Every structure is written in structure tokens, then in C-alpha cells.
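Participant: Letter by letter, the sequence shown follows residues 193 to 416 in my numbering. All C-beta atoms, glycine included, are put in the ideal place defined by N, C-alpha and C. Predicted model, so just to flag it, every value in this text is computed and none were measured.
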Amino acid sequence: MSRRHFEVTPDLMLRAYRAGLFPMAETRRGERLYWLDPELRGILPLGSFHLSRRLARTVLSGPYEIAADRDFGGVIAGCAEAAGGREDTWINQDIERLFMALHEDGHAHSVEAYLDGKLAGGLYGVVLGGAFFGESMFSRARDASKAALVHLIARLRLGGFLLLDTQFVTAHLAQFGAREIPRKQYKALLDRAAAMPAKWLTDPSPETLIEEIKSLAAASRVSS
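1) I'd like the ranges of any alpha helix (DSSP H) spanning at least 4 consecutive residues and lying wholly in the stretch 249 to 336.
2) Is it buried or exposed for residue 434, if we count other Cβ within 10 angstroms and need 16 for buried?
3) Where residue 376 and residue 212 are concerned, what is the direct C-alpha to C-alpha distance, given to the nearest angstrom?
4) What three-state label does DSSP hand residue 400 in the structure shown?
5) Check whether the Cβ atoms of residue 161 and residue 260 sit closer than 8 Å, and answer yes or no.
6) Helix, strand or coil for residue 354 per DSSP?
7) Please check the pair residue 388 and residue 326, which I expect to be a contact at CB under 8 Å, by giving their CB distance rounded to whole angstroms.
8) So if DSSP puts residue 214 in a beta bridge, which residue, or which two residues, is it bridged to?
9) Look at the alpha carbon of residue 248 and the alpha carbon of residue 317, and state the distance between them as a whole number of angstroms.
10) Is there contact here, the stretch 283 to 292 with the stretch 363 to 378, by at least three beta-carbon pairs under 8 Å?
11) Between the alpha carbons of residue 258 and residue 250, how many angstroms are there, rounded?
12) Would you call residue 215 buried or exposed, if buried means 16 or more other Cβ atoms sit within 10 Å of its Cβ?
13) Do the stretch 308 to 317 and the stretch 328 to 345 touch if we need at least three Cβ pairs shorter than 8 Å?
14) Name the one or two DSSP bridge partners that residue 371 has.
15) Going by CA-CA distance only, name the one from 315, 348, 403 and 386 that's closest to residue 332.
16) Less than 8 Å separating the beta-carbons of residue 329 and residue 346?
17) Is residue 290 closer than 8 Å to residue 202 when the C-beta atoms are compared?
18) Counting pairs of beta carbons, one from the stretch 394 to 406 and one from the stretch 347 to 354, are three or more of them closer than 8 Å?
19) For residue 359, write down the residues that DSSP places opposite it in a beta bridge.
20) Measure the alpha-carbon distance for residue 205 versus residue 228 and round it to whole angstroms.
21) Assuming the contact rule is C-beta atoms closer than 8 Å, residue 380 and residue 355 should be a hit. Round their C-beta distance to whole Å, please.
22) Would you kindly work out how many angstroms separate the C-alpha atoms of residue 235 and residue 370, rounded to a whole number?
23) Run the CB neighbour count on residue 352, radius 10 Å, all protein chains shown included, and call it buried at 16 or more, exposed below.
24) From residue 359 to residue 298, what distance separates their C-alpha atoms?
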């Protein structure tokens, strides 16, 4: 982990992600960015995502409207705000500015969950080839961020992605099958994924998404 002693640009961010690094600030009001390259890296394998019956029902027939890239700025703001059990965040103004620039250039994307027309949860991350680097997620209503995650998985699978990088593994992510792999193994996987011609799907057909989510649910029942 090293301190920032130079201006961080969107291009530098992309090169850092390609090398296996990712940035964080100490606090919401912190002025420094730090580059992390942990010995163990969290990933969420796209071929063995665990989707519970209850969450599958919520996603397929629940209250949320799911969209992608409709309100990227709103998602980052939601991830940066204080919440129960999280009084501070690593997303400072530099992080917001850089990711907004990456989004405008087509390198960063969000998935949002709307309840009664209002943003209720979501997630965002960076795309390089067939790798999606998940950055953060938030929820203002039950299962909102989980529903967004399920839709992210479906989009990544349909788009031909190989890697979903979660940076770390939390108990929240572990329930979906997230696990840690050694740095060397991660970077070999990253090399393969970054070279793949995957496609981010902002607006796949609803029917295609539903079928993919049903496939995820069916595979989870078989493996459980």
C-alpha cells in the first residue's frame, strides 16, 4: 500500500486496475488515496453464484425495478453516505470524481434497484475486457443491493465476462459464493479476463435476463 504523491487520472486508474491494484481513501473527508494490492483477493465466481430460493423469488417477482447506468452518480453517492454500522466510508471526493470520469468514458458502470421510482440500492464498478471490478454497494431497503447484484451476475454471464473482483470477502458476499484466492492466482486470472472481448450489457432484453436468473436459481438448487 503506498500513498499518492502525484495526480491520479482516469487513465492511471485503468492502468492500476490492469496491474491488479485498486484505490481507497482513509475516510470520506480524507485527501489521500492509497493503492492496495492484498495478498489474498476476493472474487465471486460467475459459474457458481449461489442464489437462494427466497432471493430468487424477490428478484423475479418482487418490488424492484432494476436498471443499469441510469443514475451512476446517485449510486456512488449512496455508497458514500453513512449507514447503520458504517459511520464513515473510503469514498472521498477524489474517488467520486475519478469514477464519474470513468463512467463518462464508458469504463465504469452501475446497476440500480428502484422502489416506487426512487433509488433504493445499487452497486458500481469498473470494466476492463472480461473483468468487472466491483467497488461498492448500498441498500436503503431490504434486498435492494442483493437484487442489483443478481442482475449484475446475469449481465456479466450473458456478456461473456470471466472475472468478478470483489477486492475483499465479507460475510455478506460469502453467502453468494465469494472466496479468496492468492495474489499470484488472481493476477493470472486477471490477465486472462482483461484480454477477453466481453461486452457490458446496459439494456439486455428482459426475457433474456429473466431466463438467465432462472438458470442461476436452478443451478443453485442442484448444488445445494
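Facilitator: With the structure as the only source:
1) 264 to 272 and 285 to 296
2) Given that the chain is displayed from residue 193 to residue 416, the structure contains no residue 434 and the question cannot be resolved.
3) 10 Å
4) helix
5) Since the first and last residues shown for the chain are 193 and 416, residue 161 lies out of range.
6) coil
7) Actually they are not in contact, since the Cβ atoms of residue 388 and residue 326 sit about 17 Å apart, beyond 8 Å.
8) 228
9) 23 Å
10) no
11) 12 Å
12) buried
13) yes
14) 235
15) 315
16) no
17) yes
18) yes
19) 234
20) 12 Å
21) At roughly 11 Å, the Cβ-Cβ gap does not stay under 8 Å, so residue 380 and residue 355 are not in contact.
22) 6 Å
23) exposed
24) 21 Å
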